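Quick note on the numbering used here: the sequence shown kicks off at -1 and runs consecutively. Cβ coordinates follow ideal geometry from the N, Cα and C atoms, glycine included. Keep in mind that this is a model prediction, so the values were computed, not measured. See structure below.
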Amino acid sequence: MSLLFPAYLLGFLGLALPWILHRFSDQQPPVLLFPSNQFLDATTPPVSRKRTLRYRALLALRVLSLALLCLLFAQPWINRDAVPTALQQHHMIVLDRSLSMRASGRWDEAIDRARGLIDEVGGGSAELLAFDRRVVVLASTIAYGAGESGVSLGAALDDVQPGFAPGDYGSVMQRLDRLANERELPVKVWLISDMQASALPAQLNALYAPNVAEFELLPVEGDDKLNVHLVAQAQSSNSATAQISVSLLASRAGANTSSEPVTRTVQVESSAGIIEQRSVTLTPGEVSAFSFDELVIPAESNPQFIVSLLEPDSLAEDNLHTLPIVEPQATAIVLLNGPDTQNSSAQVFVTTALETDAVAEVELLRGNAAQVPSDTAHLVTGRDVSAAVELDILQFVDTGSNALLFNTGSDSVNVSTRLEGVGVGAMDDAHPLALGEISWLGTRFFDLPPMELIDGDKLLLATADGQSVLVERDTNRGRLLILNDPLDGLASNLPLQPAFVALMQSLIRYFDASTSLPDQIVIGERLSLPVNAQIIDSTGESLVSIADRGQPASIELSEPGIYTVLSTRGEQPVRAVLEPSEADLSTLDDETTTQWQARYSDDADEATTADQAATSITSGIDTRLLTSGGDPMRHAIWQWLLPLVALLLFAEGWFANRRLDVRRDGS
């Protein structure tokens, strides 16, 4: 048995304390003063007895409890089998299937290594796993029958292919730690990877997996070639010409880290043929950005551009982009006039503000919210908000849509403010509406209707005298904003000010953020879809089942390309792109991989010198990765000592309080 922190054994010095307390615990007879002993008869002095310890069982309990407590702090451990046999271990063959493994030569080398390990395991207990951002168990066997493990893992190995998602060593190590904790046998892990630097977690202690008994890194190198990652995006503001923004990043893997510049050719083409080419000089490790301007958009439905690199490199999957033309689209807004009220002034003010700069398209309807088409995402209507919000509005918002109510109440608040008015006072600058960026100069409020806030209301804007102007009400799903202004030009001059246009457009952007889809998403991330939405890949296959369309869905796009989302808002293209950092083929330095591997080596117990500690600090890896007591080759026995100490302390307390004349100090 060995001790992890032997300095705590100094606590054994405290064992003398119970002995001292028991040694001097005898009560001395009281001494009585007497005025004279002249008339007292002489007696034979009593025979003195030798002082002895009392309550020896209690003393033994106390001494033993203190001894075990000191030993517990010293953390004793015993060595496991130094070289366990194959049948004494569970083996995990972990295969990196991230995008970078598609680089030339890497995947074939990884498969060859995995097959060799499967043959080495033979009929032992083993698992085959693959990882990128997540870990997936491809095949597993606990049987010890001859050849059974190899056949199972080998068959699974034939089907696995590298994907397009980025890798994360932190996630894989934490997942392996949990899996190892569930296995009965000590676990040995072989990690086959290209040791990509971008896969290193931000917290390097995430590489620590204490439940893994043995760990071995098996790096694959493939061909030592330069890779150039291409990122491109097309935009148009007039539907006639487009601008394509391009950025390039060159990286090199392996020992060859030369920064010698290289030249690459970027080509842009459409259905009409090649449009333009440009040669760019790149320095590995540096980003080069430029743009193609005034490119004529092909006269066809859903026009697209193709941007590509002409020279081959190590990773072909990131050398070509198909770009849809992204044009600003006006948001569809329904302006609803109630069945009993119609404010023509408010209708003009709202429509003008929303349609300025083609931010929105306003459709006028009359009735209640139940009559609004189901594909309506945003609603603007006038209501008397001094009372409770009508049920039809609440039901509309609960479908995930958004509504802006402006107050049609007409009761006066303060007659004295009718002439001079009051300006804007408190506002919530932290709200996404960015009210602090709007110029409220000249905005005056004269005669706002009364409005009482309820529980859950968030006051976003108020007048200088404390009247509520803009409130966000708490709802289950959608967003509900209340503007305490009839927008008639009499209660305030807000609808006549430039601030009103900025406010309404900011409201629409805020509403759009909750219902719109992104134009672009990175492979490996999840795309949230609204209710009754369908997503179709480039082959025309639907990715959301009919049963799942009745509720909001979330889907992970596994391949790059252009996907089409069909929803109540029409068709919208979504590009799935590669993670730029994953296309950077730069690998981990030797010092980091050595420290990572050394945590699980037999020499880890001796890695406590000052030089090793300094190296760990400078490399960013916590020294606990080298010196902690969680080495899987050790078997800690504190789990047995802790209940024993608790039992002894309980017995000591029970015995000491058994008799009232036994004080806690031992007397």
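Residue pairing from DSSP places residue 306 in a beta bridge opposite 265 and 318. About 14 Å separates the Cβ atoms of residue 99 and residue 166, ruling out a contact at the 8 Å cut-off. When DSSP reads this structure, residue 573 sits in a beta bridge with 518 and 560. Sequence-distant partners of residue 559 (beyond 5 residues in either direction) whose C-beta falls short of 8 Å from its own C-beta, in its chain, are 320, 535, 536, 573 and 574. Taking 8 Å as the cut-off, the Cβ atoms of residue 136 and residue 108 do not count as close. Rounded to whole angstroms, the gap between the alpha carbons of residue 361 and residue 332 is 5 Å. Residues 239 of the same chain have their beta carbon placed closer than 7 Å to that of residue 292, with the five preceding and five following residues left out of the count. For the alpha helix (DSSP H) assignment, the uninterrupted runs of no fewer than 4 residues enclosed by the region 474 to 542 are, from N- to C-terminal side, 496 to 513. Inter-segment contact for the region 280 to 299 and the region 201 to 209 is absent: fewer than three beta-carbon pairs are separated by less than 8 Å. In the DSSP assignment, residue 176 falls within the alpha helix (DSSP H) that extends over 167 to 180. As a beta-bridge residue in DSSP terms, residue 225 pairs with 249.
With respect to residue 570, residue 357 sits apart: the two C-beta atoms are not nearer than 8 Å. With fewer than 16 neighbouring CB atoms inside 10 Å of its own CB, residue 275 falls in the exposed class.
Residues 411, 465, 482 and 489 of the same chain have their beta carbon placed closer than 6 Å to that of residue 446, with the five preceding and five following residues left out of the count.
When the Cα atoms are used, residue 299 and residue 568 turn out to be separated by approximately 15 Å.
Between residue 374 and residue 342, the gap from beta carbon to beta carbon reaches 8 Å or more. Just so you know, the alpha carbons of residue 131 and residue 95 end up roughly 10 Å apart. With respect to the C-alpha of residue 351, the residue from 521, 634, 311 and 494 having the closest C-alpha is 494. The beta carbons of residue 221 and residue 312 sit about 7 Å from each other, so the pair counts as a contact at 8 Å. If you look at residue 61, you'll find it in the alpha helix (DSSP H) that goes 54 to 72. When the Cα atoms are used, residue 245 and residue 269 turn out to be separated by approximately 23 Å. Between the beta-carbon of residue 404 and that of residue 367 there is about 14 Å, and that puts the pair past the 8 Å contact cut. The beta-carbon distance between residue 65 and residue 10, rounded to whole angstroms, is 7 Å. This is short enough to meet the 8 Å contact definition. For a cut-off of 8 Å, the C-beta gap from residue 524 to residue 552 is around 5 Å, short enough to register as a contact. Straight through space, the alpha carbons of residue 228 and residue 463 are spaced by roughly 56 Å. Taking a C-beta distance under 8 Å as the contact criterion, residue 402 and residue 378 qualify as a contact pair. Judged by beta-carbon spacing, residue 217 lies beyond the 8 Å limit of residue 175, meaning their Cβ atoms are not closer than that value. Between residue 210 and residue 185, the gap from beta carbon to beta carbon is short of 8 Å. Where residue 471 is concerned, the enclosing beta strand (DSSP E) starts and stops at 466 to 471.
Residue 276: member of the beta strand (DSSP E) spanning 271 to 280, first to last residue. Residue 281 counts as exposed, since fewer than 16 other beta carbons sit within 10 angstroms of its beta carbon.
Residue 505 sits close to residue 431, with the two beta carbons spaced by under 8 Å. In this structure, residue 479 lies away from residue 492, with their beta-carbon atoms at least 8 Å apart. Between residue 522 and residue 554, the gap from beta carbon to beta carbon is short of 8 Å. Contact between residue 585 and residue 251 holds, with the beta-carbon distance rounding to 5 Å and staying under 8 Å. When the alpha-carbon of residue 189 is set against those of 594, 646 and 390, the nearest one is in 594.
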